[in-house]
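*Asks:*
Residue numbers (full-length UniProt numbering): 1 to 334.
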């Protein structure tokens, strides 16, 4: 992140944000807005910056609420996507940025679509990495019902891990077993994501037992990367903040926020690049079919990477190439 300037902003609702800004780019061109997911920070994008720089567009990368150098409240209602979208819009206003291309990974991908749905006038295109477009859900089903539905659709409960993530003791378990958590996230075993995320109690049991008996993907063997990541989540309170994204989802905070989005906006009337990951069983490429068949992505370009969920770490050059080609093809950069 040395090529970017670290900046800070206190938002109108009294929360502090840290973000990073590049010096390149013209005000007449859109800015790349990079939005990370769980349990990462702006550092997720560090290996892609040198490749994205060839677009010569301005880049802004916030630590989203609950992460990094940004405020870490533990009240799920503060993670209402309407409010976070307003926070991010304030960052853009502070930097005199008008148009953006939001690019999101993991929960940041979900938020990317919500930012666009709230501020369609600011977005000229969008890139979804790792998660298919999820149109607004105005009534959140129970976790049991949600997992029963996904088991019927794909053969296993895709959101089984939500039970652990929203449990009261989860923050302490993660904080006390960071090495084991790193292996959970980046284990290199066939169908690892499917087993550890989608099998009831598998993740809880693995971490609580301090297990590390699964090999790491090559990128995750980088000790500097692991140290940086661990330094950003040192306490149970830090973990509790990150997990508020899941609590807000399960508790109905986000479905209530979704009711504010006009139905006519559900169809994304802008160029969309969706990049799915072949070895991501929580978000398999086939989940893109539903929004496609519903006609919600009329200007869609899709691609699949032969890697796991954390493709910004695992395949930064190839991922960046896909984004660069898309942005140029749509005429937003030379």
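All residues carry an ideal CB built from backbone N, CA and C; glycine is no exception.
All values reported here derive from a predicted model rather than from experimental measurement.
Would you tell me roughly how many angstroms separate the C-alpha atoms of residue 131 and residue 110, rounded to the nearest one?
*Replies:* So the two alpha carbons sit approximately 7 Å from each other.
*Asks:* Could you compute how far the alpha carbon of residue 11 sits from the alpha carbon of residue 213?
*Replies:* About 43 Å.
*Asks:* Cβ of residue 265 within 8 Å of Cβ of residue 120?
*Replies:* The answer is yes: Cβ separation under 8 Å.
*Asks:* Look at the alpha carbon of residue 141 and the alpha carbon of residue 158, and state the distance between them as a whole number of angstroms.
*Replies:* Cα-Cα distance, rounded: 14 Å.
*Asks:* If you follow the alpha helix (DSSP H) that residue 244 is in, where does it begin and where does it stop?
*Replies:* Looking at the DSSP string, the run of the alpha helix (DSSP H) that includes residue 244 is 236-250.
*Asks:* Rounded to whole angstroms, what's the CA-CA distance from residue 33 to residue 63? Just pull it up for me.
*Replies:* Each residue's alpha carbon lies about 11 Å from the other.
*Asks:* Excluding five sequence neighbours on each side, which residues of the same chain lie with their C-beta closer than 7 Å to the C-beta of residue 146?
*Replies:* Excluding positions up to five away in sequence, the list reads 159.
*Asks:* Taking only the alpha-carbon atoms, compute the straight-line gap between residue 162 and residue 219 and give it to the nearest angstrom.
*Replies:* Straight-line Cα distance between these residues: approximately 26 Å.
*Asks:* Using CA atoms only, rank isn't needed, just tell me which of 1, 274 and 211 is closest to residue 363.
*Replies:* An answer regarding residue 363 cannot be provided, because it is not within the stretch 1 to 334 covered by the chain.
*Asks:* Check whether the Cβ of residue 74 sits closer than 7 Å to any heavy atom of the ligand COA, and report yes or no.
*Replies:* You won't find the ligand COA in this model; it holds no ligand whatsoever.
*Asks:* If you draw a straight line from the alpha carbon of residue 325 to that of residue 106, how long is it in whole angstroms?
*Replies:* Whole-angstrom Cα-Cα distance: 22 Å.
*Asks:* Can you tell me where the alpha helix (DSSP H) with residue 128 in it begins and where it stops?
*Replies:* Unbroken run through residue 128 is the beta strand (DSSP E), 126-129; no alpha helix (DSSP H).
*Asks:* Beta carbon of residue 46, beta carbon of residue 21: below 8 Å?
*Replies:* Not in contact: residue 46 and residue 21 (Cβ atoms no closer than 8 Å).
*Asks:* Taking the beta carbon of residue 194 as the centre, do at least 16 other beta carbons fall within 10 Å, making it buried, or is it exposed?
*Replies:* Per the 10 Å Cβ criterion, buried.
*Asks:* Indicate the three-state DSSP secondary structure (helix, strand or coil) for residue 50 in the structure shown.
*Replies:* Residue 50 falls in the helix class under three-state DSSP.
*Asks:* Can you say whether residue 70 is buried or exposed, counting buried as having 16 or more other CB atoms within 10 angstroms of its CB?
*Replies:* Answer is buried; the Cβ neighbour count reaches 16.
*Asks:* Hey, out of 238, 65, 16 and 168, whose CA is closest to residue 204's CA?
*Replies:* Of the listed residues, the one whose Cα sits closest to residue 204 is 168.
*Asks:* Hey, is residue 65's beta-carbon within less than 8 Å of any beta-carbon in chain C?
*Replies:* In the structure shown, chain C cannot be found, because there is only a single protein chain.
*Asks:* Taking all protein chains shown into account, decide if residue 267 is buried (16 or more other Cβ within 10 angstroms of its Cβ) or exposed.
*Replies:* Exposed, by the Cβ-count rule.
*Asks:* Per DSSP, which one or two residues make a beta bridge with residue 224?
*Replies:* Paired residues: none, contrary to the question.
*Asks:* With a 10 Å radius around its C-beta and 16 neighbouring C-beta atoms as the bar for buried, classify residue 27 as buried or exposed.
*Replies:* It is exposed - the Cβ of residue 27 has fewer than 16 other Cβ atoms within 10 Å.
*Asks:* Would you decide whether residue 276 is buried or exposed? Buried here means 16 or more other CB atoms lie within 10 Å of its CB.
*Replies:* Under this definition residue 276 is a buried residue.
*Asks:* Run through DSSP, which three-state label would residue 189 get?
*Replies:* Residue 189 falls in the coil class under three-state DSSP.
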